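Novice: A single structure is presented below for examination.
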Amino acid sequence: MKKISLYISIGFVISFIILFILASYDILSERIFVSASYAGIINLLNILLSLLLFNYSYKKSNKVFLVSVLGGMGARMIIILLTVFMIIKFLNIDIYAFIFVFFVLYFALLLIEVLYFNRCMKLKTDK
Numbered sequence: 052m053k054k055i056s057l058y059i060s061i062g063f064v065i066s067f068i069i070l071f072i073l074a075s076y077d078i079l080s081e082r083i084f085v086s087a088s089y090a091g092i093i094n095l096l097n098i099l100l101s102l103l104l105f106n107y108s109y110k111k112s113n114k115v116f117l118v119s120v121l122g123g124m125g126a127r128m129i130i131i132l133l134t135v136f137m138i139i140k141f142l143n144i145d146i147y148a149f150i151f152v153f154f155v156l157y158f159a160l161l162l163i164e165v166l167y168f169n170r171c172m173k174l175k176t177d178k
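Every position in the sequence shown, counted from 1, becomes a number in our numbering once 51 is added.
This is how it looks when you write it as structure tokens:
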């Protein structure tokens, strides 16, 4: 988990630096930069929490695994929904940029999450 978390975090830092540079040269507006940053932070916390719950329950019983992974997925979805609603409702951001960046990152990280889970489960069954 440490390796994949590190890679994802480094990817986010590099993306943030690129967005910051684009915003400082007025290629990207400040509202779009802030919107993309909020979307990135939400998705980063989501994937890191997902990996944390998976690694906690990875070698536990099936019941603990299902409660952690599926229950965690439900809890994360509710938290994300509430957070996205509050950000759109109360902050002065570019809604279209926020939603676009949020969904692109969400589905890309969801793919990484599924591939990581699949690889770990294959390694577990091969032993």
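Positions of the beta carbon are idealized from the N, C-alpha and C atoms, including for glycine. Every value quoted in this text rests on a predicted model; they were computed, and no experiment measured them.
What are the start and end residues of the alpha helix (DSSP H) that includes LEU117?
Specialist: As a working note, residue 117 is residue 66 in the sequence shown. LEU117 -> alpha helix (DSSP H) spans 113–117.
Novice: Taking the alpha-carbon positions, what's the ILE51 to SER119 distance?
Specialist: With the chain represented from 52 up to 178, any question about residue 51 goes unanswered, as that position is not in the structure.
Novice: Under the three-state reduction of DSSP, which class applies to LEU79: helix, strand or coil?
Specialist: Here residue 79 refers to the residue found at position 28 when the sequence shown is read from its first residue. In this structure, LEU79 counts as coil in the three-state DSSP scheme.
Novice: Does the beta-carbon of ILE152 have 16 or more other beta-carbons within 10 angstroms, so that it is buried, or is it exposed?
Specialist: The sequence position of residue 152 within the sequence shown is 101, counting from 1. For clarity, residue 152 is Val in the given sequence; the question names Ile instead. With 16 or more other Cβ atoms within 10 Å, it is buried.
Novice: Pull up the distance between the alpha-carbon of ASN97 and that of ARG127, whole angstroms please.
Specialist: Residue 97 sits at position 46 when you count from the first residue of the sequence shown. Residue 127 sits at position 76 when you count from the first residue of the sequence shown. C-alpha separation (whole angstroms): 7 Å.
Novice: Give the single residue among GLU81, ILE61, LEU57, PHE168 whose Cα lies nearest to the Cα of ALA148.
Specialist: Taking the sequence shown and counting its residues from 1, one reaches residue 148 at position 97. When each option's Cα is compared against that of ALA148, the closest is GLU81.
Novice: Find the nearest neighbour of ILE146 within the set ILE163, SER56, ILE83, judged by alpha-carbon distance.
Specialist: Here residue 146 refers to the residue found at position 95 of the sequence shown. Among ILE163, SER56, ILE83, the Cα nearest to that of ILE146 belongs to ILE83.
Novice: So what does DSSP say about ASP145, is it helix, strand or coil?
Specialist: As a working mapping, residue 145 is identified with position 94 in the sequence shown. DSSP places ASP145 in coil when its eight states are reduced to three.
Novice: Would you call the CB atoms of ASN106 and LEU160 closer than 8 Å?
Specialist: Translated into the one-based positions of the sequence shown, residue 106 becomes position 55. Translated into the one-based positions of the sequence shown, residue 160 becomes position 109. No, the pair does not count as a contact, with Cβ atoms beyond the cut-off.
Novice: Among residues of its own chain, excluding the 5 on either side of LEU133, which ones have a beta-carbon nearer than 7 Å to its beta-carbon?
Specialist: If you number the sequence shown from 1, residue 133 lands on position 82. Excluding sequence neighbours, LEU133 sits near nothing in its chain.
Novice: Thinking GLY91 and PHE67 are a contact (beta carbons under 8 Å), I'd like their distance in whole angstroms, please.
Specialist: Your numbering for residue 91 matches position 40 in the sequence shown. Your numbering for residue 67 matches position 16 in the sequence shown. About 7 Å separates the two Cβ atoms, so the contact holds.
Novice: Considering only C-alpha positions, which residue in the set LEU100, LEU156, PHE63, PHE168 is nearest to GLY125?
Specialist: Locating residue 125 in the sequence shown gives position 74, where the first residue counts as 1. Selected option, being the one with the closest Cα: LEU100.
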